[in-house]
Each structure stands twice: as C-alpha cells, then as structure tokens.
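Report on the following structure.
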Amino acid sequence: MSNRRNFLKGVVAAGGAAVAATAVTTRAEARETRQRPPEALGLLYDATLCVGCKACVAACKQVNNNPAEFSTVDQLWDTPLDTSGKTFNLIKMYRSGTMETKDTEENGFAFMKTSCMHCADPSCVSACPVSAMTKDPKTGIVEYNADACIGCRYCVAACPFGIPKYQYDSPTGKIGKCELCRHRHKDGLYSACAEVCPTGATLYGKTSDLLVEAKRRLALKPGSTAVFPRGNISGGKDQSYENVVGNYLQHVYGEKEYGGTQVLKLSAVPFQKVGMPNLPPEAAAAHSENIQHALYGGLMMPLAVLGAMTFVAKRNVKHDDADGDDQKGEN
Amino acid sequence: MAANSNAHHTPAPVGGNLFNTTTLVCGVLIAIMIAVLAVRFVFGLGAVTNLNDGYPWGIWVVVDVVIGSAFACGGFSVAMLVYIFNKGQYHPLVRPALLASLFGYTLAGVGVIFDLGRW
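Spelled out as structure tokens, the structure:
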C-alpha cells in the first residue's frame, strides 16, 4: 500500500518534471515580438490636421465597393457609427464640454481615424485557425482571404483595436477590414483615404518614411507655420502645402505599441481619450504563442501525460489468472 | 469485490413506446432548432443570435464548446476511472457514460459548424 502510494507520487512527480523540462527548453527558444518589415507600408494620421470632412470614409467605401450604412431615420447619407463588415474606415469625434476649441482635452473636440493599424505582430493573424488572415512578408499589409475564411470570428475577438468585423446580416458573411487598398497597388494607385485627404491628415507611404515625418512634426514649434506633405510621401508628385503646427503630444502612437504598427498616429488629445488603447511594446500574439508552443511543442506534454497514464494503467492491471497476495489486495 | 463485477451485462431492449414524453419534448425542441437554423441560413447569424462585433461569440459557442465538451468529458472521466485506475466496480457506468460522450462531442462538432459564419 505505502509502496504503491510512493510509486504513484513518483510517477506524478516524473510526469510533472517532464512537462516542466519541456516548458523550460521550449521557452529558451521563445519567439520575440515581431518587428515591421523594412519595406512596410502604412499610413500616418495626424489628428491636428484633420478637419473631419470624411472624404476618406467616402473614398474607402467607393474603392472597396461597400454600401452605405445608415444610422439616421431619413437615411439620406452614409452615416455609420462604427467600423463594420462594410465600413473599413471611419473618422470618429472626441467631444468635451462646450467643444469650443479643436484638439483640446477640456471643452474641446478632436478627430480620430479608426481603421486597421497593420500591426507588426498581429493578433488576428495569430488567432486565425485557417490562415485566412495573413501578413505580407514584404509590405507587411495584414491581408484577408475570404475564400479560406470559415467565419469563426476569432480575429474579431483577438484584435486589440477591434478592427476585423464580420457581416452578421449574411448567411455567408465575410470579415471586413482595411487592407491598405492593396487591390489598387497593381494599377500604381495607393490607399484611397490618403489620396483624397485634402489636408494630408492621412498620409500614405513606407512606415519608415512616415516615422521620420512624424518625428519632424513633433520637433516643430506649436503654432508656427510649416510645410506638410499630402498623398504619398514615398513617391508621386509633391502636393505639400503650408499649415499651422498643432499642439502635439510627444508620442507617435504605433511606433512602439505591440512591437510597432504600420499605421502611425499623432494627436493633441491623449490617445486613450480618442479611442486608442494603451498597449505594451510586446504583442499578445508572441505571448500566447509562446505559452501554447511551450505546452505542445514536439507533442511533449501530451506524450508525458500519456506515458504517465499508461504507467498508472499498467500498474493497476490485475489479471484474472493472477494468484497469490494480489487476490487479497485492498482493491 | 466480486470476481464478476466487471463483466458485461447481457444486452436487452429498453422496451416501451417510441413516442413518450421525453421524445415528444425533444421533438418539439428539434423543430424549434430547425426553424432557427432556417432563419440563420437566410438572414445570417445576427438575425438569430443577436451577435455583433462587440460580442462576436455568444450562447452558440457556449452550447457548442462548453456544454458539448463537458458532456463528452464525463464519459472519458468514467472510462479513465475504470480502465486506467482499474476501479472495476464502476464498470456498469461506462457504456451509458461513453454514449453521453458520443452525444456530447457530436453536439459540439455539429453545433460549431452552424456557428461558423462562412458557408
């Protein structure tokens, strides 16, 4: 009796040690949060330049063949209240008190663009069980393949920005999200939202160029006049113009968040107040994949558990023809 | 324990009428399910589940995964008790428990197919 107890304890301890050893060895080769590819494409949204005209929202609808969505009784205009399976880009408004001055936290208002951030290490790609959501290794665009998608909505639940959206009104609904107008790239065109933006608040280009431009703006003196590019910063014709420098927070949102995102944002109102979550520099995808790969790497944990159970089963088997002491055993 | 405690019982029909209270209640529930699925396959998931992008998973996932897997777990726990830990006195429970497991995993597997949104 006491022998068996000790033996079982030994088995459990051995199994536990095997699992622990597996976890330790796999963690040693744990993957880090992935960084942006060098040629990553993205957008720079400058909330202080945005005038809230929503030309980008209309252009996005047009080039993605999305229908209007109504939130008013008269149903005259496209008035989506949030991004959806048919609205990939939206300008939202921050309002405080009397709303007297733009880009002021108290008694002011501000705009913020809501669209895919194209994370360096996207949670939606990590969560997708069928690789319908992928990240292009060169451009870094987080792409969606409707033919591979099974509609499980894991990406909807996984995204910290709440970006992939599902079409709940269709029996064969797709996921809808910004893909940086990658279907227009082959025609030499770039993201429609940046193309139509009259003030350059949404700027398209390589994220490395956009980051330099964002840092340049943060170094400018608020209230002074400076030149701002429009359209595509990494090519195309020069459409720059002069405007007043905003009262920026000294923070490029997306430079470090989640290992960096390819869409960068500047704002005068704290980012949490305009709907951008406070995220650590490590991506959740790296964390969750490390845990899962530690547990299931090389099938070591299942094999250890199976081995322990087989051992217990073997030890507990009593054959019908067994004689002697076993027959009078406690069982 | 008696030596034959883990012997199989002789199979025998359950008997009784096929249309009793249990099967009729289940029949009504199945009819409701077919109606709900018909609406789901015409108007989409939102029409019957009230799901939205804030709550992309709802009660269907609870039924698929949580209830279905929990049903299925019971059979395997009893099987482990009997066959791994060799507690033969519980052997009469194994067959009904494994049948419940079969239903549990079938419920989970079939249920999740209808919850998947892209057919």
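Residue numbers (the working numbering), protein chains in the order written: chain A, 47 to 377; chain B, 2 to 120.
No residue lacks a Cβ here, since even glycine has one placed at the ideal position from N, Cα and C.
Expected contact under 8 Å - CB spacing of residue i and residue j to nearest Å
i        : j        : result
A/Gly305 : A/Gln81  : 6 Å
A/Ile187 : A/Arg228 : 5 Å
A/Ala240 : A/Leu249 : 6 Å
A/Ile137 : A/Phe157 : 5 Å
A/Val309 : A/Tyr91  : 7 Å
A/Lys211 : B/Asp116 : At roughly 17 Å, the Cβ-Cβ gap does not stay under 8 Å, so A/Lys211 and B/Asp116 are not in contact.
A/Gly251 : A/Ser280 : 4 Å
A/Asp124 : A/Ala104 : 7 Å
A/Pro244 : A/Ala101 : 7 Å
B/Gly89  : B/Val83  : 7 Å
B/Phe72  : B/Ala101 : 6 Å
Test: residue i CB closer than 9 Å to a CB of chain A
i        : result
B/Val67  : no
B/Gly28  : no
B/Leu1   : The question about residue 1 of chain B has no answer, for chain B in this structure spans 2 to 120.
B/Gly110 : no
B/Leu117 : yes
B/Phe42  : yes
B/Gly55  : yes
B/Phe86  : yes
B/Leu94  : no
B/Met81  : yes
B/Asn99  : Checking the sequence, you will find Leu at residue 99 of chain B rather than Asn. So, not an interface residue.
B/Leu1   : Because residue 1 of chain B is not part of the residues shown, which for chain B are 2 to 120, the question remains open.
B/Leu52  : yes
Nearest candidate by alpha-carbon position, reference residue i, set the options
i        : options                                : result
A/Thr271 : A/Val258, A/Asn278, A/Asp124, A/Tyr287 : A/Tyr287
B/Leu108 : B/Asn87, B/Gln90, B/Val63              : B/Val63
A/Gln213 : B/Tyr56, B/Leu25, B/Val79, B/Ser70     : B/Tyr56
A/Thr129 : A/Phe207, A/Pro326, A/His164, A/Val290 : A/Phe207
A/Asp17  : A/Arg77, A/Ala76, A/Ala86              : Absent from the model: residue 17 of chain A. The displayed extent of chain A is 47 to 377, so no value can be given.
A/Ser142 : A/Pro326, A/Ala332, A/Pro316           : A/Pro316
A/Thr356 : B/Asp116, B/Asn87, B/Gly112            : B/Asn87
A/Leu295 : A/Lys261, A/Pro323, A/Phe274, A/Gln285 : A/Lys261
B/Gly75  : B/Val111, B/Ile85, B/Leu103            : B/Leu103
B/Tyr91  : B/Ala101, B/Thr24, B/Gly28, B/Val79    : B/Val79
A/Ala331 : A/Met322, A/Lys311, A/Glu303           : A/Glu303
A/Gly219 : B/Ile68, B/Phe77, B/Phe44, B/Ala98     : B/Phe44
A/Ser216 : A/Lys319, A/Lys283, A/Gly197           : A/Gly197
A/Ala76  : A/Ile337, A/Arg361, A/Pro268, A/Ser177 : A/Ile337
A/Leu312 : A/His365, A/Ala265, A/Glu225, A/Pro348 : A/Ala265
A/Lys159 : A/Tyr190, A/Cys224, A/Arg263           : A/Cys224
9 Å Cβ cutoff, residue i in contact with chain B
i        : result
A/Pro348 : no
A/Gly197 : yes
A/Gly305 : no
A/Asn362 : yes
A/Thr72  : Unreliable placement is indicated for A/Thr72, whose pLDDT of 46 sits below 50; the coordinate value is still reported in the next sentence. No, A/Thr72 lies away from the interface with chain B (no Cβ there is under 9 Å from its Cβ).
A/Cys106 : no
A/Ser130 : yes
A/Val171 : no
A/Ala330 : no
A/Lys202 : The question names Lys, but residue 202 of chain A in the sequence shown is Val. Closer than 9 Å to some Cβ of chain B, the Cβ of A/Val202 qualifies, so yes.
A/Met355 : yes
A/Val103 : no
A/Gly208 : yes
Own chain partners of residue i with C-beta closer than 6 Å, once the 5 adjacent residues on each side are dropped
i        : result
A/Glu328 : Thr79
A/Thr185 : Leu87
A/Asn377 : Any reading at A/Asn377 is ruled out, since the residue's pLDDT is 45, under 50, leaving its predicted position unreliable.
A/Thr94  : Asp149, Gly292, Ala314
B/Arg119 : none
Cut-off 7 Å between Cβ atoms - residues of its own chain near residue i, not counting five sequence neighbours on either side
i        : result
A/Tyr200 : Ala173, Cys174, Pro175
A/Thr72  : For A/Thr72, the predicted model reports a pLDDT of 46, less than 50, meaning its position is unreliable; a value from the coordinates is still stated below. Here the set comprises His339, Ala340, Gly343.
B/Leu52  : Leu46, Gly59
A/Glu146 : Asn153, Gly154
A/Cys205 : Ser169, Cys170
A/Thr307 : Met163, His164, Cys165, Ala166, Gly300
A/Gly110 : With the sequence shown as reference, residue 110 of chain A is identified as Asn, and Gly is not the correct amino acid for it. Closer than 7 Å at the Cβ level, and outside the excluded window around A/Asn110, lie Phe134.
A/Pro83  : Pro183, Lys184, Gly186
A/Lys181 : Pro168, Val171, Val188
Close beta carbons around residue i, own chain, < 8 Å, minus the five adjacent residues each side
i        : result
A/Asn112 : Cys106, Lys132, Thr133, Phe134, Gly222
B/Ser70  : Gly105, Tyr106, Ala109
B/Val37  : Val49
A/Val258 : none
A/Val70  : In this prediction, A/Val70 scores a pLDDT of 49, lower than 50, which makes its location untrustworthy; no coordinate-derived value is stated.
B/Val66  : Ala109, Val113
A/Gly98  : Ile137, Met139, Phe157
A/Ala74  : Only weak support is given to the placement of A/Ala74: the predicted model assigns it a pLDDT of 44, under 50, and the question is left unresolved by the model.
A/Thr144 : Asn153
A/Leu325 : Pro206, Glu303, Tyr304
| request: Note down, in chain order, all residues in the stretch 212-228 of chain A with a beta-carbon under 8 Å from any beta-carbon belonging to chain C. | output: The structure shown contains no chain C; the protein chains it does contain are A and B.
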